[in-house]
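Comments concern the structure below.
Numbering (our numbering), first residue to last: 3 to 634.
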């Protein structure tokens, strides 16, 4: 298999049966009444192949939120492209599906082609066709753009309005600015050669326009610089002299400022040292006062203890002094007395009191000596504190004297810095003006380039001749009158019949010729081994067989249409498509009743437009519950 094959187009939504159509290899026909969804299916295919136009907002589509396009890629692998009916990005799933309930992982694809990325639908399908990375020249200067999926859509999806249009089938957009690109897309499709080798150039007229615009822009910039320089502008020598004087003044001020700053730093450091010393002295004096107060309390305790011991010692002495005398009661001599009345204990207590007193007196003397030492230290610290306070006040006074001087010098220094910046700005402006003057002179002195060879656009004569032969063959198989006189005109980028332009014919003739052109392109590409998407969808190619009364919107038949109608090419048209179905897939959308044999040889889907009679249309009526058969 060569190219891509359409497999199914399905709409799904919550609470509604899937709606859609399936496609077979070879020939497929969507036949039926008007307003049944035949042309809608083509618009949906365009929507699913990167189209940015929203789906038609028809009433029957309201409940359907998802669209699934089944494809078979050139390598034979089936895939399904998913997109929300509201638009946005795509997802691609392996296999043919019309829901994501089986848990298959999908890969997200962006709708817009971006040459710097690989995650767009265009690059995915162009890669499958072997056309990724191709570029075409989009104008006569050789500027290039990517060959995208949307570039090829006009060759595979031919809508009703397009097929009967007077517009060239190659110049599909109808925009003059797109003609070069569209011609080169056609050339690449037929020859397989893109425009990678084309070197972009700028024509003389554009060069002159660009050069004049650049000169005008440079003049505008120079005018702005002149305004900033003033009138009259300063000379470079004057600016240099002023800058030299400012630099000298800055050097002097910097030296003076540094000396003042050093003095300030020295005094700040001295003040910090004196302040720290004041804190230390205050803390030590407080500590001494607390200690002396505690020692004073201890001395009072010692004095109290000594007084108590003195009383004990004196009492004991008196008791012992009268212990060796006659009893004052009975007059007995000491030797005759039988009771000692605890004299030994009293004597022991007397001795203990004297010893304790001596011990306390020694400790008191040590305490008094220590207190004297602490008092002396306190007096020394107080003197040091007073001296430190004086030095601290002196340091503060010096700082107060230095600060105004330093501030004044600093202001002068900063003013000089601003002056120097201003002068440097003037120097930069003078440099900028010189650069702009040089640039203007360079632009004005550019010599016009010699006129180069014109870029060859579109197909060459040999290719157009070979394509014409294929067109004649296709139309001959369709039994089109005068098929042997059909040519592809490179200048018109359209068909002529014996010199008569396709656009000069009636709607029906234009439609059949347009259809023949798109079929011939596919046949030509296949026979010459060139890449083609592999399918063609034609909406109303047999317009000339319409019934004017039944289809008044197309108007009355014109004479050439009547002549063609009398030939009866409908059967030949379908038989030829069946005969070349090995080359590609064909989908025909028609209102004209097909030949009976087609039902056996092709996939025919009929939309009756009448409820209860066959299939009503693309979307089933709300009461219809029959599931859609998507088996190919």
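Note that beta-carbon positions come from the ideal geometry of N, C-alpha and C, so glycine has one too. Treat the numbers as computed from the prediction; the structure is a model and nothing was measured.
To which residues of the same chain is residue i closer than 7 Å at the C-beta, ignoring the five residues directly before and after it?
i           : result
residue 184 : 172, 173, 174 and 175
residue 155 : 48 and 51
residue 217 : 442, 445 and 446
residue 528 : 4, 534, 585 and 586
residue 386 : 283
residue 196 : 136, 137, 138, 149 and 190
residue 57  : 45, 46, 49, 63 and 87
residue 182 : 139, 140, 141, 142 and 459
Residue range of the beta strand (DSSP E) that residue i falls in?
i           : result
residue 112 : Counting along the chain, residue 112 falls outside any beta strand (DSSP E), and DSSP gives it neither H nor E.
residue 1   : This structure cannot settle anything about residue 1, because the visible part of the chain is limited to 3 through 634.
residue 183 : No beta strand (DSSP E) holds residue 183; the alpha helix (DSSP H) holding it covers 181–193.
residue 489 : 488–491
residue 588 : 587–592
residue 608 : 605–609
residue 93  : 92–96
residue 235 : That residue, residue 235, is in no beta strand (DSSP E); it is neither H nor E in DSSP.
Which first and last residues belong to the alpha helix (DSSP H) in which residue i is found?
i           : result
residue 152 : 151–154
residue 222 : 206–231
residue 468 : 463–479
residue 576 : 572–581
residue 147 : Unbroken run through residue 147 is the beta strand (DSSP E), 146–148; no alpha helix (DSSP H).
residue 163 : 162–165
Compare the Cα-Cα distances from residue i to each of the options and report the closest residue.
i           : options              : result
residue 25  : 181, 10 and 395      : 10
residue 67  : 220, 89, 47 and 83   : 89
residue 1   : 5, 43 and 27         : With the chain represented from 3 up to 634, any question about residue 1 goes unanswered, as that position is not in the structure.
residue 265 : 101, 398 and 16      : 398
residue 163 : 525, 509 and 574     : 509
residue 55  : 613, 113 and 269     : 113
residue 592 : 28, 36, 307 and 277  : 36
residue 427 : 603, 101 and 230     : 230
residue 538 : 400, 522 and 252     : 522
residue 1   : 65, 432, 462 and 475 : For the chain, the structure presents residues 3 to 634; residue 1 sits outside this window and is missing.
residue 262 : 28, 520, 486 and 400 : 400
residue 241 : 432, 32 and 14       : 432
residue 94  : 206, 116 and 70      : 70
With DSSP collapsed to three states, give me the class of residue i.
i           : result
residue 174 : coil
residue 247 : helix
residue 120 : coil
residue 57  : coil
residue 688 : In this structure the chain extends from 3 to 634, so residue 688 is not present and cannot be described.
residue 85  : strand
residue 294 : helix
residue 620 : coil
residue 35  : coil
residue 275 : helix
residue 49  : helix
residue 10  : strand
residue 410 : helix
residue 66  : coil
residue 494 : coil
residue 614 : coil
residue 372 : helix
residue 42  : helix
residue 360 : helix
residue 636 : Lying outside 3 to 634, the shown extent of the chain, residue 636 is not represented and no answer is given.
residue 141 : coil
residue 459 : coil
residue 355 : helix
residue 556 : For residue 556, the predicted structure reports a pLDDT of 49, less than 50, and the residue's modelled location is therefore unreliable. The matter cannot be settled from this model.
Beta-carbon within less than 6 Å of residue i's beta-carbon, same chain only, minus the 5 sequence neighbours each way: which residues are those?
i           : result
residue 479 : 578
residue 92  : 83, 85, 111 and 123
residue 72  : 9, 10, 82 and 98
residue 131 : 533
residue 603 : 580
Does any CB atom of chain C fall closer than 8 Å to the CB of residue i?
i           : result
residue 115 : Checking the listed chains, one finds no chain C in this structure; it contains a single protein chain.
Less than 8 Å between C-beta atoms, sequence neighbours within five positions excluded: which residues of the same chain meet that for residue i?
i           : result
residue 38  : 609, 610, 611, 618, 619 and 620
residue 532 : 191, 192, 193, 194 and 526
residue 570 : 481
residue 486 : 474 and 478
residue 7   : 25, 27, 73, 74, 536, 537 and 587
Is residue i close to the ligand ADP? I mean its beta-carbon at under 7 Å from any heavy atom of the ligand.
i           : result
residue 596 : The ligand ADP is not part of the structure shown, which contains no ligands of any sort.
(message) I'd like to know if the region 359–377 and the region 279–294 are in contact, where contact means that at least 3 CB-CB pairs between them fall below 8 Å.
(response) yes
(request) Mind the definition here: the region 413–431 touches the region 298–307 only if three or more C-beta pairs lie below 8 Å; say whether that holds. (result) no
(message) Check whether the region 454–472 and the region 240–257 are in contact - that is, three or more C-beta pairs closer than 8 Å.
(response) no
(message) For the structure I just gave you, are there three or more beta carbon pairs, one from the region 364–372 and one from the region 272–281, closer than 8 Å?
(response) no
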